[in-house]
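A short write-up of the structure that comes next.
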Amino acid sequence: MNFDETGEFSKDFKRLSKKYKSLANDLLEFKKVVSKFPLGTGKHFVVLIAKETVKIIKGRLFCRYLKGSSLQIIYAYCENKQKVEFIQLYFKGGKENEDHSRIK
20 MNFDETGEFS KDFKRLSKKY KSLANDLLEF KKVVSKFPLG TGKHFVVLIA
70 KETVKIIKGR LFCRYLKGSS LQIIYAYCEN KQKVEFIQLY FKGGKENEDH
120 SRIK
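For the sequence shown, the numbering used here assigns the number 20 to the initial residue and increments by one for each residue that follows.
Pasting the structure below:
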């Protein structure tokens, strides 16, 4: 499984990793889960957009520093290329919904 990220995701990650020191390790754990289950499992993942070639998924990224709370992560999964591209990362308490302009 190949992982990539948008420039905006990199900015989100850098900003949030200053506040939540465990975020780098938490993202590695998330990548392991996504490698096994690209569409996610359980109630912590939802498919926002499903097209033939790509699926946009919103999932919970558990952060050790948040102690019970989690961050929201939006990513695109391209099944035929076995590629995941991270689009957006945000704290749900600070932002209610995903940024639709980034998803398109």
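Where is the CB? At the ideal position from N, CA and C, for every residue including glycine.
This one's a predicted model, so the numbers in the text were calculated from it and none came from an experiment.
Contact check for Lys102 against Asp45 fails: the beta carbons are separated by 8 Å or more. Selection Tyr96, Arg79, Tyr109, Ile92 evaluated against Ser54 yields Tyr96 as nearest (Cα-Cα). Around the beta-carbon of Phe105, 16 or more other beta-carbon atoms lie within 10 Å, marking it buried. As computed with DSSP, Val65 is found in a beta bridge with Lys77.
Cβ-Cβ distances below 6 Å link Ile75 to Leu67, Ile68, Ala95, Ile122 in the same chain, with the five nearest sequence neighbours on each side left out; the list follows chain order. Distances from the alpha-carbon of Lys70 to those of Leu108, Thr60, Glu98 put Glu98 closest. The beta-bridge partner set that DSSP reports for Leu108 consists of Ile92.
The beta-carbon separation of Tyr84 and Tyr39, rounded to 4 Å, stays under the 8 Å limit for a contact.
Short of 7 Å from the beta carbon of Ala43, and not among the five residues preceding or following it, lie these beta carbons of its own chain, in chain order: Ser36.
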